[in-house]
């Protein structure tokens, strides 16, 4: 037992002494320049660097609203033919679906009836004007005739406008069929039309089913919600990296194009939008996404990753505190608080000061 105690004391004295036998102060390491060179230990001054942090926001992929169209039927009827299938690219004006509808014949008949009513109202107006001029009728009768004429003219304009809309869709008054055409060029994203199905049109007054969704998947939008507390950190033009679950860590680059001018009163969040290129149609609307936005950079003390030596849960660096009379380098282990990272650099929030000289390479090989 005594031998073990003596050996421990000798080792302790040996570790805490320099080659000339002088004791090293507690918490310091004295190393000769030759040893530093042999171990490839390099010492440099602590400087300042700019760190651009990123803010990860929950988001989703959505259609570019200027590149999407939802097709409904203006009339009620039965689907007799379908000309477009999901995934098909169509030009503007291309036929999508053909319907047989009694509303088509009714629209044509309405125009004829409105024209007849207008002609009758005009004749009555002219008759009342002559009678009033001959003092054979009261002014009241003329006023009523003028009102009836204006109502008939308005009804004809309404009937002709409706018929014009139907004719623009390819109406055939004889067969009472109407062809719905693509309002924009794009892909058929969604189709709910099936042959033989009876549908209610928008003119019926009730809900009308969406028959087709046409849109472009390139480009496509990424949208994200910004908490009120983080709103000041994000600016239009900031760089964006978008990730979706389907592609793991792969990112899709873009930049912030728009930030909403008001908060959602329910969530207390603002919304941002960026446009992403999607030539391979990999991003699909309604995908959940993580939108990583670059925030304004800030200056901080910076040290390389190689300078940090973990000790338990702490992060430490070796700081040069001076040299001995014999030329040995005095190093002191010091705990530091590490912040964000920028490439190989780490931001330091405390523990060292600007200008301090620390071991930036070979720190892991230094032992007390």
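In the numbering used here, the protein residues as written are 1494 to 1861.
All residues carry an ideal CB built from backbone N, CA and C; glycine is no exception.
Quick caveat, the model's predicted, so the values are computed rather than measured.
Residues near residue i in its chain [Cβ-Cβ closer than 6 Å; skip 5 each side]
i: residue 1588; result: 1576, 1672, 1674
i: residue 1732; result: 1748, 1787
i: residue 1751; result: 1766
i: residue 1858; result: 1532
i: residue 1709; result: 1560, 1679
i: residue 1495; result: Here the model assigns residue 1495 a pLDDT of 42, short of 50, so the residue's position is not dependable, and the following value carries that caveat. Cβ within range, chain order: n/a, list empty.
i: residue 1837; result: 1797, 1798
i: residue 1684; result: 1579, 1705
7 Å CB neighbourhood of residue i in its chain, flanking five on each side removed
i: residue 1656; result: 1600, 1601, 1604
i: residue 1649; result: 1607, 1608, 1611
i: residue 1550; result: 1717, 1718, 1719, 1784, 1786
i: residue 1615; result: 1642
i: residue 1635; result: 1621, 1622, 1625
i: residue 1529; result: 1822
Beta-carbon separation (whole angstroms), residue i vs residue j, contact threshold 8 Å
i: residue 1856; j: residue 1802; result: 5 Å
i: residue 1681; j: residue 1707; result: 6 Å
i: residue 1676; j: residue 1555; result: No, residue 1676 and residue 1555 are not in contact; Cβ-Cβ is about 19 Å, not under 8 Å.
i: residue 1521; j: residue 1756; result: Their Cβ separation, rounded to whole angstroms, is 56 Å, which puts residue 1521 and residue 1756 out of contact at 8 Å.
i: residue 1860; j: residue 1543; result: Their Cβ separation, rounded to whole angstroms, is 35 Å, which puts residue 1860 and residue 1543 out of contact at 8 Å.
Pairwise C-alpha distance: residue j and residue i
i: residue 1816; j: residue 1539; result: 18 Å
i: residue 1778; j: residue 1694; result: 27 Å
i: residue 1848; j: residue 1715; result: 44 Å
i: residue 1820; j: residue 1851; result: 17 Å
i: residue 1523; j: residue 1793; result: 30 Å
i: residue 1829; j: residue 1843; result: 6 Å
i: residue 1526; j: residue 1822; result: 7 Å
i: residue 1630; j: residue 1624; result: 5 Å
i: residue 1690; j: residue 1596; result: 16 Å
i: residue 1789; j: residue 1841; result: 18 Å
i: residue 1827; j: residue 1724; result: 37 Å
i: residue 1846; j: residue 1541; result: 10 Å
i: residue 1640; j: residue 1633; result: 11 Å
i: residue 1637; j: residue 1653; result: 24 Å
i: residue 1647; j: residue 1735; result: 54 Å
i: residue 1727; j: residue 1758; result: 20 Å
i: residue 1807; j: residue 1552; result: 35 Å
i: residue 1730; j: residue 1839; result: 26 Å
i: residue 1585; j: residue 1753; result: 31 Å
i: residue 1545; j: residue 1591; result: 56 Å
i: residue 1613; j: residue 1593; result: 33 Å
i: residue 1780; j: residue 1805; result: 41 Å
i: residue 1547; j: residue 1782; result: 15 Å
Cut-off 8 Å between Cβ atoms - residues of its own chain near residue i, not counting five sequence neighbours on either side
i: residue 1853; result: 1535, 1536, 1537, 1796, 1797, 1799, 1800
i: residue 1580; result: 1680, 1681
i: residue 1818; result: none
i: residue 1687; result: 1572, 1575
i: residue 1712; result: 1557, 1560, 1768, 1769, 1770, 1771
i: residue 1701; result: 1565, 1566, 1692, 1693, 1694, 1695
Residue i - DSSP class collapsed to helix/strand/coil
i: residue 1850; result: strand
i: residue 1652; result: helix
i: residue 1728; result: coil
i: residue 1607; result: helix
i: residue 1775; result: coil
i: residue 1669; result: coil
i: residue 1707; result: strand
i: residue 1640; result: helix
i: residue 1555; result: strand
i: residue 1757; result: coil
i: residue 1720; result: strand
i: residue 1799; result: helix
i: residue 1593; result: strand
i: residue 1842; result: strand
i: residue 1598; result: helix
i: residue 1813; result: strand
i: residue 1818; result: coil
i: residue 1770; result: coil
i: residue 1562; result: strand
i: residue 1614; result: helix
i: residue 1588; result: strand
i: residue 1856; result: helix
i: residue 1746; result: strand
i: residue 1545; result: coil
i: residue 1678; result: coil
i: residue 1786; result: strand
i: residue 1625; result: helix
i: residue 1834; result: strand
i: residue 1738; result: helix
i: residue 1793; result: strand
Near the ligand ZN: residue i beta-carbon under 8 Å from a heavy atom
i: residue 1712; result: The ligand content of the structure shown is nil, which means the ligand ZN is not present either.
Problem set entry | Segment contact flag, the stretch 1743-1755 with the stretch 1795-1812, C-beta cutoff 8 Å, min 3 pairs | Segments in contact, no.
Problem set entry | At least 3 beta-carbon pairs within less than 8 Å: the stretch 1825-1840 vs the stretch 1560-1570 | Contact between the stretch 1825-1840 and the stretch 1560-1570 is absent, because fewer than three Cβ pairs lie under 8 Å.
Exercise. Does the stretch 1764-1782 come close enough to the stretch 1725-1739 that 3 or more CB-CB pairs lie under 8 Å?
Worked result: Yes, the stretch 1725-1739 touches the stretch 1764-1782.
Exercise. Is it a yes or a no for the stretch 1749-1765 touching the stretch 1716-1733, going by three-plus beta-carbon pairs under 8 Å?
Worked result: Yes, since at least three Cβ pairs between the stretch 1749-1765 and the stretch 1716-1733 fall closer than 8 Å, the two stretches touch.
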